[in-house]
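0 is the number of the first residue of the sequence shown in numbering that gives the first Met the number 0; add one for each residue after it. Reviewing the structure listed below.
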Amino acid sequence: MCTELMIQSKNKEVVVARTMDFASATGQKYGLFNAGEKIANPFDETIASSVTVPFKAKFSDIGFTVLGKHFGARTISDGFNQAGLSLATLWLADTSFDTSVKCPSDCISGLTLPQLILGTCKTVDDVKALFKGKRVNLPSEFISNFATIHLSITEKSGKQVVVEFETVDGKDGVPVFYENTVGVLTNAPKFAWHLTNLRNYVGATEKFNIESGKILGAKVKTTGFGNNQRGLLADGTPPSRFALTTILKSLALDYTIPSNAHESMVLADKIISKATVIIGTSANHGTTSPDYDYTQWTVLKDLTNFKMYQKSDTDLNYVELECKPLKLECNNEEVIALFA
Numbered sequence: 000m001c002t003e004l005m006i007q008s009k010n011k012e013v014v015v016a017r018t019m020d021f022a023s024a025t026g027q028k029y030g031l032f033n034a035g036e037k038i039a040n041p042f043d044e045t046i047a048s049s050v051t052v053p054f055k056a057k058f059s060d061i062g063f064t065v066l067g068k069h070f071g072a073r074t075i076s077d078g079f080n081q082a083g084l085s086l087a088t089l090w091l092a093d094t095s096f097d098t099s100v101k102c103p104s105d106c107i108s109g110l111t112l113p114q115l116i117l118g119t120c121k122t123v124d125d126v127k128a129l130f131k132g133k134r135v136n137l138p139s140e141f142i143s144n145f146a147t148i149h150l151s152i153t154e155k156s157g158k159q160v161v162v163e164f165e166t167v168d169g170k171d172g173v174p175v176f177y178e179n180t181v182g183v184l185t186n187a188p189k190f191a192w193h194l195t196n197l198r199n200y201v202g203a204t205e206k207f208n209i210e211s212g213k214i215l216g217a218k219v220k221t222t223g224f225g226n227n228q229r230g231l232l233a234d235g236t237p238p239s240r241f242a243l244t245t246i247l248k249s250l251a252l253d254y255t256i257p258s259n260a261h262e263s264m265v266l267a268d269k270i271i272s273k274a275t276v277i278i279g280t281s282a283n284h285g286t287t288s289p290d291y292d293y294t295q296w297t298v299l300k301d302l303t304n305f306k307m308y309q310k311s312d313t314d315l316n317y318v319e320l321e322c323k324p325l326k327l328e329c330n331n332e333e334v335i336a337l338f339a
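Right under this line is the structure:
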């Protein structure tokens, strides 16, 4: 599970904050992917494209088997490019991908999709054009279940969309775009449901604190400040994290809009920390022993100045990621080394 939010400052600089929440270690690394590198599909060795826009990304190396043969894939979970286009993959259990072993002609390979977007697109409209008439394929049930995601795409103008992959007219993996007017994304249910659910929290946008009231005719004083937020939930479920992050962002921006990217990052960190999942507190699906989802790392991306910051679950402060050049492909030895 994950949470993402976007903040745009008065001078139009855009910052994106995101948590990576997962029950098992994701083996995440990071690096800079340079222009000119080939984006190759590790499954069939076809060249999908080449990088024209350098990008920084968090990634992991995963292995999967199809028809008895083992393949290694480099999967991008979060990143942004030099043009100021940000991409984040967030877990969504209701995702539908085409799982044909041979990628159909009307499909883009999901194995290279994040790399393809970050390496070739500069704007949200570019991403829409990339998907025009296309679906997304992942060539095995295993990796399809591993990559059950929706995408958050943000450009440096502040324009933001959510891309979900659905079954339309009997075809799986069809991209459906939703304008993200609130600048927040979590996980299930689908994005449109979360927007509707905000109707339950309209009262939490009140700017004034109630000091007293009557209960059965008796006057009762409040205990302190903050009862304008009554009704907001603080559990780790995606609906609660979405509502909490959205309402806090709304209240904070109603009070004052950050002047620049630095102030936006300070605010984004304060808000995203409210959605941070502490290890040992959010039960996962373990049945014989406790299994906990937790925030493994948080990133801040300054889309205007091409800077990326990270802190892990053991860090007090963020560090700027000085990304070293990396290749887009990985081999089986790298996969084994990462998960050994």
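A virtual CB, placed ideally from N, CA and C, is assigned to each residue, including glycine.
*How many Å lie between E165 and N136 at the Cα?*
Stepping through the sequence shown from its first residue, residue 165 is reached at position 166. Stepping through the sequence shown from its first residue, residue 136 is reached at position 137. Approximately 12 Å, taken between the alpha carbons.
*So D20 packs on D253, CB below 8 Å; how close in whole Å?*
Translated into the one-based positions of the sequence shown, residue 20 becomes position 21. Translated into the one-based positions of the sequence shown, residue 253 becomes position 254. So it is not a contact: roughly 28 Å between Cβ atoms.
_Using C-beta distances below 6 Å, list every residue in its chain close to K57, excluding the 5 sequence neighbours before and after it, in chain order._
Translated into the one-based positions of the sequence shown, residue 57 becomes position 58. Correct list, in chain order: Q27, Y29, S76, D77.
_Would you call the segment 238-258 in contact with the segment 270-280, where contact means no fewer than 3 C-beta pairs closer than 8 Å?_
Yes, they touch.
_E262 (DSSP reduced to helix, strand or coil)_ = As a position in the sequence shown, residue 262 is number 263, starting the count at 1. The three-state secondary structure of E262, taken from DSSP, is helix.
_Extent of the continuous alpha helix (DSSP H) to which Q114 belongs_ = Counting from one through the sequence shown, the residue named residue 114 turns up at place 115. Membership of Q114 in the alpha helix (DSSP H) is indicated by the continuous run 112-119.
*Beta-carbon proximity of T303 to E12, cut-off 8 Å*: One-based indexing of the sequence shown puts residue 303 at position 304. One-based indexing of the sequence shown puts residue 12 at position 13. In this structure, E12 lies closer than 8 Å to T303 by Cβ.
*asked:* Quick check on T245: does DSSP put it in helix, strand or coil?
replied: Counting from 1 along the sequence shown, the entry for residue 245 is found at position 246. In the three-state reduction of the DSSP assignment, T245 falls in the helix class.
*Extent of the continuous alpha helix (DSSP H) to which T195 belongs*: Looking up residue 195 in the sequence shown gives position 196. Per DSSP, T195 belongs to the alpha helix (DSSP H) from 190-196.
_Output needed for C102: all residues of its chain with C-beta closer than 6 Å, excluding positions within five of it in sequence on either side, in chain order._
Sequence index remark: in the sequence shown, residue 102 carries index 103 (1-based). Shown here for C102: same chain residues with a beta carbon closer than 6 Å to its own, the five before and five after excluded, namely S108, N136 in chain order.
_Opposing strand residues paired with N136 [DSSP bridges]_ = Within the sequence shown, residue 136 is the residue found at index 137, counting from 1. According to DSSP, which records beta bridges pairwise, N136 is partnered with D97, S108.
*7 Å CB neighbourhood of A92 in its chain, flanking five on each side removed*: For the purposes of this step, residue 92 is taken as residue 93 along the sequence shown, with counting starting at 1. T147, A187.
*Cβ distance (whole Å) where G118 is taken to contact V52 below 8 Å*: Start at 1 with the first residue of the sequence shown, and residue 118 comes out as number 119. Start at 1 with the first residue of the sequence shown, and residue 52 comes out as number 53. 6 Å between Cβ atoms; contact.
*How is A39 classed by DSSP in three states: helix, strand or coil?*
Working through the sequence shown from its first residue, we reach residue 39 at position 40. Collapsing the DSSP output to three states places A39 in a strand.
*In the DSSP assignment, find the beta strand (DSSP E) that holds D125 and state where it starts and stops.*
Counting from 1 along the sequence shown, the entry for residue 125 is found at position 126. Here D125 belongs to no beta strand (DSSP E); instead the alpha helix (DSSP H) covers 123-130.
*On the three-pair Cβ rule with 8 Å, is the segment 29-49 touching the segment 258-266?*
No, the segment 29-49 does not touch the segment 258-266.
*Environment of W296 [buried if 16+ CB atoms lie within 10 Å]*: Looking up residue 296 in the sequence shown gives position 297. In the assembly as shown, W296 is a buried residue. Its beta-carbon has 16 or more other beta-carbons within 10 Å.
*With distances taken from CA atoms, which of K121, L150, K170, L112 is nearest Y177?*
Walking along the sequence shown from the start, residue 177 turns up at place 178. Comparing Cα-Cα distances from Y177 to each of K121, L150, K170, L112, the minimum goes to L150.
*Do N10 and N226 have their C-beta atoms closer together than 8 Å?*
Residue 10 sits at position 11 when you count from the first residue of the sequence shown. Residue 226 sits at position 227 when you count from the first residue of the sequence shown. In this structure, the beta-carbon distance from N10 to N226 does not fall below 8 Å.
*Pull up the distance between the alpha-carbon of G223 and that of L231, whole angstroms please.*
If you number the sequence shown from 1, residue 223 lands on position 224. If you number the sequence shown from 1, residue 231 lands on position 232. The alpha-carbon atoms of G223 and L231 are separated by roughly 16 Å.
_Rounded straight-line distance, which links the Cα of K206 to that of W192_ = Within the sequence shown, residue 192 is the residue found at index 193, counting from 1. Within the sequence shown, residue 206 is the residue found at index 207, counting from 1. Roughly 26 Å between the two C-alpha positions.
_In whole angstroms, give me the CA-to-CA distance for G83 and S104._
Here residue 83 refers to the residue found at position 84 when the sequence shown is read from its first residue. Here residue 104 refers to the residue found at position 105 when the sequence shown is read from its first residue. Each residue's Cα considered, the two are about 30 Å apart.
*asked:* Can you give me the C-alpha to C-alpha distance between V167 and I256, rounded to a whole angstrom?
replied: As a first step, residue 167 is located in the sequence shown; it is residue number 168 there, counting from the start. As a first step, residue 256 is located in the sequence shown; it is residue number 257 there, counting from the start. Rounded to whole angstroms, V167 to I256 spans 40 Å at the Cα level.
*Identify, in the order they occur along the chain, each residue of the same chain with its Cβ nearer than 8 Å to the Cβ of V219, setting aside the five sequence neighbours on each side.*
Taking the sequence shown and counting its residues from 1, one reaches residue 219 at position 220. In the same chain as V219, and ignoring 5 residues on each side of it, the C-beta atoms closer than 8 Å to its own belong to S211, G212, K213, in chain order.
_Residue of Y308, L247, F130 minimising C-alpha distance to L357_ = Because residue 357 is not part of the residues shown, which for the chain are 0 to 339, the question remains open.
*How would you write the range of the beta strand (DSSP E) that I152 sits in, first residue to last?*
Numbered from 1 along the sequence shown, position 153 holds the residue referred to as residue 152. Per DSSP, the continuous beta strand (DSSP E) segment holding I152 begins and ends at 148-153.
*Evaluate I278 with the Cβ neighbour count: other Cβ atoms within 10 Å of its Cβ, from every protein chain shown; 16 or more gives buried, anything less gives exposed.*
Counting from 1 along the sequence shown, the entry for residue 278 is found at position 279. That one is exposed.
_Only counting the same chain, and skipping five residues up and downstream in sequence, which positions put a Cβ closer than 6 Å to that of Q228?_
Locating residue 228 in the sequence shown gives position 229, counting from the first residue. For Q228, same chain residues with a beta-carbon under 6 Å away, outside a window of 5 residues either side, are A203 in chain order.
*asked:* Taking its Cβ as the centre, do 16 or more other Cβ atoms sit within 10 Å of I270, making it buried, or is it exposed?
replied: Numbered from 1 along the sequence shown, position 271 holds the residue referred to as residue 270. The residue is buried, with at least 16 neighbouring Cβ atoms inside 10 Å.
*Distance, Cα to Cα, S239 vs Q81?*
In the sequence shown, residue 239 corresponds to position 240, counting from 1. In the sequence shown, residue 81 corresponds to position 82, counting from 1. Taking the straight line joining both Cα atoms gives about 33 Å.
*In terms of residues, what are the limits of the beta strand (DSSP E) holding I359?*
Outside the shown range of the chain, which is 0 to 339, sits residue 359, and nothing can be said about it.
_Limits of the unbroken beta strand (DSSP E) element including Y308_ = Here residue 308 corresponds to residue number 309 of the sequence shown, with the count starting at 1. Boundaries of the beta strand (DSSP E) harbouring Y308: 306-311, taken from the DSSP string.
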